[in-house]
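Worksheet for the structure shown next.
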Amino acid sequence: MSAAQTQLAWDTMLDLGGPAGSPLHRRLAGALRAAIETGRLAPGAMLPPTRLLAEELHCSRWAVTEAYEQLTAEGFVEARVGSGTRVRAVPRAATLAEHARDARAAAGIRYDITPGMPDLAAFPARDWMAALRTAITRATAEDLGQPRWGGHQRLRDVLSGYLARVRGAATSAASLRITTGIADGVGLTGAILYRHGFRAVGVEEPCWRRLPRVLAASGLEPVPIDVDADGLDVDALASKQDVRAVLISPCHQYPTGVALSPQRRAALLEWAQRVDGVILEDDYDSEFRYDRPAGGALQAAGPAHVFLYGSLSKTLAPALRLGWLVCPPHWSGEMRGDALAPYTPPTLDQLAFAAMIQSGAYDRHLRRQRVRYRRRRRLLLDLVGTCLPGVRVSGTAAGLHLLLHLPAPVNTAAFTSRARDAGVSVMTLGSLRSVDVACDDALVIGYGNVADADLPGIVRTLADLLQSSV
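Right, here's the structure in full:
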């Protein structure tokens with residue numbers, strides 16, 4: 015048996031081989047996924063407890079947990095309290111929306127207003143099918159082989175022009191890499207930075223907690239940097255002597271919704287030049303703006319020091335698992351060859367996205383979505399103003415979520431627990447911080463994947479809970 019294989023306690027051979035530098039949790043998820051897809055792990059089969067599998071593999075329990083969570087999110091396995099983790103018995107053709115709906119119903123959740131999901135019911139299925147037909151019609155025999163590492167040339171050409179037009183990005187096909195999403199692009203960058211001597215990276219506080227975990231898995235220490243009304247505190251970043259990299263969402267910070275001020279944009283670029291550092295720019299929710307003008311990508315002003323990341327998870331659907339990154343010119347050579355293999359999405363999906371951009375269907379879809387989200391945001395704000403008059407609202411200028419600041423002395427953690435008992439799943443701002451701190455907490459309300467007709471019931475439920483809490 016090779017060193018890259020393991021015979022597990024339930025007699026399933028897993029091949030944990032992969033490109034050099036690929037994290038174990040990603041290789042394990044891939045091996046389990048392959049075993050499920052080929053039928054070697056049948057529907058209903060029990061996976062080992064994370065602790066036992068970690069002992070079998072001589073690795074951390076975290077790596078196994080991350081692999082299981084990824085497969086759960088993809089719908090391959092399901093975890094139930096008291097019965098462990100099993101291969102799902104439902105058909106893989108079931109949609110992401112159906113999986114989410116089933117999970118909510120099983121948990122007694124009627125309304126899920128946690129952030130991070132677009133309107134899945136508004137997915138442009140007809141446009142996507144037309145784009146797929148175009149992709150298949152134009153595909154060559156070579157296109158039907160293994161995906162080209164780093165992305166298909168046609169999508170890189172088309173997307174390069176699109177990013178220059180819409181985001182003002184300084185990019186070319188040579189500097190563009192197609193990935194399976196922002197998290198994978200950030201993880202790939204983190205591994206490369208580690209090989210070049212980087213050991214720490216600044217991260218916004220608060221932020222989407224998955225990205226610091228991804229960077230930590232690459233060997234980098236995430237260093238929290240506070241965010242205020244002007245965005246990331248660049249002076250605080252500059253005071254960290256061992257930090258030469260920072261992950262930031264300058265156009266629409268998650269979860270606060272603030273934009274990095276022009277003064278801090280300039281200061282951040284000056285810092286990167288001074289320390290010969292790099293900026294990892296998550297172009298989060300830049301497509302959806304309501305009360306402020308469009309801000310160009312930070313990368314446009316400092317292409318030599320900025321990696322730019324984007325994806326289709328908010329504009330089309332997370333299930334597509336298609337994203338991209340733009341590399342600074344002198345880093346492009348690091349991102350080629352087999353290191354990109356685990357991060358490259360299916361070729362036909364890439365070609366379909368290229369066709370959708372070229373036909374104008376992608377732009378038209380985004381215009382429709384802006385109208386839809388603007389209307390939904392307005393309805394939500396009107397309901398909050400009527401039913402929750404003592405609640406302060408922030409982070410409304412862009413994106414698919416906003417913050418509700420509950421009046422003192424309401425405990426937001428206890429409030430969200432009671433909300434869940436009432437059938438509403440909601441997230442707190444505090445849950446997105448790296449440490450517990452005594453500061454203003456808030457509810458993070460995602461409205462992207464909420465039906466307009468459900469908003470009155472959601473807000474009335476929150477209002478009733480708040481009234482009984484004060």
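All residue numbers for the sequence shown refer to this note's numbering, where the first residue is 15 and numbers rise by one.
In this text, a Cβ means the ideal position worked out from N, Cα and C, and glycines have one as well.
Per DSSP, which one or two residues make a beta bridge with residue i?
i, result
"Ile294", "The question names Ile, but residue 294 is Leu in the sequence shown. Note: Leu294 sits in a beta bridge opposite Leu261, Phe321."
"Asp468", "BP columns for Asp468 are empty, so no partner."
"Trp142", "DSSP output for Trp142 lists no bridge partner at all."
"Ser408", "Leu417"
"Ile459", "Leu416"
"Val438", "Tyr125"
"Thr193", "Gly337"
"Val91", "Val101"
"Gly245", "Asp242"
"Met60", "Arg100"
"Arg303", "Ala412"
Could you give the residue range of the alpha helix (DSSP H) that holds residue i?
i, result
"Thr358", "Looking at the DSSP string, Thr358 is not in any alpha helix (DSSP H), and its letter there is neither H nor E."
"Ser431", "426–435"
"Gly201", "196–209"
"His419", "His419 -> not in any alpha helix (DSSP H); beta strand (DSSP E) instead, spanning 415–419."
"Glu284", "276–288"
"Pro226", "224–231"
"Asp249", "248–252"
"Arg168", "167–181"
Determine the burial state of residue i: buried for a count of at least 16 other Cβ atoms within 10 Å of its Cβ, exposed for fewer.
i, result
"Glu143", "It is Met, not Glu, that sits at residue 143 in the sequence shown. Met143 is exposed by the Cβ-count criterion."
"Tyr304", "exposed"
"Glu51", "exposed"
"Ser482", "exposed"
"Glu218", "buried"
"Asp242", "exposed"
"Asp126", "buried"
"Gln19", "Unreliable positioning characterises Gln19 in this predicted model, as indicated by a pLDDT of 44, which lies under 50. The coordinate reading is nonetheless provided below. Classification for Gln19: exposed."
"His60", "Checking the sequence, you will find Met at residue 60 rather than His. Label assigned to Met60: exposed."
"Arg41", "buried"
"Asp435", "exposed"
"Leu469", "buried"
"Asp299", "buried"
"Gln383", "buried"
"Thr426", "buried"
"Glu156", "exposed"
"Pro236", "buried"
"Leu322", "buried"
"Ala93", "exposed"
"Ser325", "buried"
"Gln84", "buried"
"Gln313", "buried"
"Ser431", "exposed"
"Ala108", "Residue confidence is low: Ala108 scores 40 on pLDDT, short of 50, so the model does not pin down where it sits. No coordinate-derived value is stated."
May I ask which residues mark the beginning and end of the beta strand (DSSP E) holding residue i?
i, result
"Pro238", "235–242"
"Arg100", "98–101"
"His379", "No beta strand (DSSP E) holds His379; the alpha helix (DSSP H) holding it covers 375–401."
"Val215", "214–219"
"Trp11", "The shown model of the chain, from 15 to 484, leaves out residue 11, and the question about it has no answer."
"Ile50", "Note, Ile50: premise wrong, no beta strand (DSSP E); alpha helix (DSSP H) at 38–51."
Figure out for me which residue from the options has the closest Cα to the Cα of residue i.
i, options, result
"Pro132", "Thr410, Ala465, Thr475", "Ala465"
"Pro421", "Ala477, Ala366, Thr410", "Ala477"
"Ala146", "Thr194, Leu380, Pro360, Pro403", "Note that residue 146 is Leu in the sequence shown here, rather than Ala. Checking every option, the nearest Cα to that of Leu146 belongs to Pro360."
"Ala188", "Gly211, Asp171, Pro63", "Asp171"
"Thr410", "Trp163, Arg306, Pro236, Ser275", "Arg306"
"Arg391", "Val407, Arg378, Val248", "Val407"
"Phe90", "Pro129, Pro238, Ala48", "Ala48"
"Leu344", "Leu330, Val320, Leu173, Trp338", "Per the sequence shown, residue 344 should be read as His rather than Leu. Taking only the C-alpha atoms, the option nearest His344 is Val320."
"Ala315", "Gly233, Ala184, Cys73", "Ala184"
"Arg124", "Gln364, Leu479, Gly471", "Gly471"
"Val101", "Leu418, Arg388, Arg54", "Arg54"
"Ala467", "Leu394, Glu235, Pro161, Gly233", "Leu394"
"His487", "Val449, Val458, Ala428, Leu446", "Nothing can be reported for residue 487: it is not among the residues displayed for the chain, which extend from 15 to 484."
"His166", "Leu365, Ala428, Gly201", "Leu365"
"Pro57", "His210, Thr128, Leu46, Gly460", "Leu46"
"Glu301", "Tyr387, Gln313, Leu274", "Tyr387"
"Glu348", "His210, Leu402, Thr475", "His210"
"Gly175", "Arg288, Ile371, Val424, Thr64", "Ile371"
"Tyr376", "Phe137, Gly44, Thr99, Val289", "Phe137"
"Cys401", "Leu480, Arg447, Val440, Gly460", "Leu480"
"Val398", "Val385, Leu416, Ala412", "Leu416"
"Ala135", "Met441, His379, Leu446, Gly413", "His379"
"Arg335", "Asp363, Arg191, Pro161", "Asp363"
Of all the CB atoms in chain B, is at least one closer than 7 Å to the CB of residue i?
i, result
"Gly182", "The chain labelled as chain B is not found in the depicted structure, where only one protein chain is given."
* Asked: So, do the stretch 254–273 and the stretch 281–300 have three or more beta carbon pairs nearer to each other than 8 Å?
  -> Counting C-beta pairs closer than 8 Å gives three or more between the stretch 254–273 and the stretch 281–300, which meets the contact rule.
* Would you be able to state if there are at least three C-beta pairs under 8 Å between the stretch 200–220 and the stretch 161–179? => no
* To do: Say whether the stretch 244–261 touches the stretch 275–290, bearing in mind that this needs 3 or more beta-carbon pairs closer than 8 Å, one atom from each stretch.
  => yes
* Asked: Taking contact to mean at least 3 C-beta pairs separated by less than 8 Å, is the stretch 324–342 in contact with the stretch 227–234?
  -> no
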